[in-house]
Amino acid sequence: MNEGPSITNFVDSIINEGRIFGVMVGIVINNDSANHADKPGPGRVKVKIPLMGMPESNWARMASWMAGKERGAFCLPEVDDEVLVAFENGDVNRPYVIGSLWNGKDIPPETNKDGKNNIRLFKSRSGHILQFADTQGEESITLTSAKGHVIKLDDKSGAEQIRITDKSGKNQIVVDTKANKLSLLSGQDIVISAPSGKLSLSAKSIEMKSSADTKLEASAGMDVKAAASLNIKGATVNIN
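Position in the sequence shown counted from 1, then plus 114, gives you my numbering.
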């Protein structure tokens with residue numbers, strides 16, 4: 115019974131005079147090129163290629179969707195990540211990592227289970243997430259930290275907002291585009307401080323209310339002035 119070509123024959127068929135024409139699947143074994151004694155420079159990795167019987171490659175340059183002098187997209191794969199490896203002019207001594215691969219063990223952070231492909235996201239090892247949602251009428255960009263702090267730019271039709279929320283949900287800053295309003299909410303205290311400067315509040319009208327005591331205090335002088343009437347009311351008014 116003919117079982118077809120063996121793995122050895124397959125490898126032999128793609129290796130010609132020490133060159134590989136095509137791509138291979140590799141496993142990252144080292145991503146610390148910046149501190150390695152070989153001094154290959156940052157942004158490189160070493161891989162093993164099981165199909166070739168290669169336990170360790172030379173330092174492989176990383177293909178990126180943007181790269182330049184001290185700029186670009188910096189996303190090194192983790193050790194044990196599966197990657198796709200190509201070779202410059204087929205030279206096995208000059209590998210390039212041209213992409214990362216999911217597999218049966220390492221699955222994507224998003225599934226597209228509704229089949230509409232409306233979500234794009236980047237998720238880091240510790241769980242930080244940058245998500246772009248393209249659902250028509252509910253578009254948004256959301257940055258979520260691993261601990262649950264959220265910055266959301268919400269383009270939902272008729273309810274556009276910029277919202278910053280801490281992990282407790284009790285502290286928020288909301289910019290409401292439709293209402294043309296900014297809201298600051300705290301579960302406890304709000305502190306505004308300008309130790310070396312001036313704090314200015316300017317509005318068509320200003321209203322201050324408290325459910326308990328209110329105190330105004332100045333370390334030096336204080337002027338209270340009204341262009342029209344000035345009313346001071348209380349159960350007891352003490353002027354000292």
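Ideal Cβ positions, reconstructed from N, Cα and C, are used throughout, including at glycine.
- In the DSSP secondary-structure assignment, F246 is bridged to R234 and I255.
- Scanning the segment 267–345 from its first residue to its last, the whole beta strand (DSSP E) runs of 3-plus residues come out as 275–279, 286–290 and 295–299.
- Pairing P209 with F201, the inter-Cα distance amounts to about 4 Å.
- Runs of the beta strand (DSSP E) lying entirely within the segment 161–200 and spanning at least 3 residues, in chain order: 174–176.
- The alpha-carbon of S307 is positioned some 25 Å away from that of D290.
- For V264, the beta-bridge partners assigned by DSSP are T258 and T279.
- In this structure A293 is exposed. Its beta-carbon is surrounded by fewer than 16 other beta-carbon atoms within 10 angstroms.
- At a Cβ-Cβ threshold of 7 Å, G186 and S178 count as neighbours.
- If you draw a straight line from the Cα of V137 to the Cα of W173, it is about 16 Å long.
- N149 carries a helical assignment under DSSP once its states are collapsed to helix, strand and coil.
- The closest CA to that of P156, considering only M322, S319, P191 and I134, is found on P191.
- Nearest in C-alpha terms to V159, of all of R175, I265 and K318, is R175.
- Under the Cβ criterion (8 Å, minimum of three pairs), the segment 255–267 counts as touching the segment 233–245.
- The continuous stretches of beta strand (DSSP E) do not include G229, and DSSP gives it neither H nor E.
- Rounded to the nearest whole angstrom, the CA to CA distance from I278 to K295 is 14 Å.
- Straight-line measurement puts the Cα of S300 at about 16 Å from the Cα of K323.
- Sixteen is the threshold: since fewer than 16 other Cβ atoms of the shown chains lie within 10 Å of the Cβ of I221, the residue is exposed.
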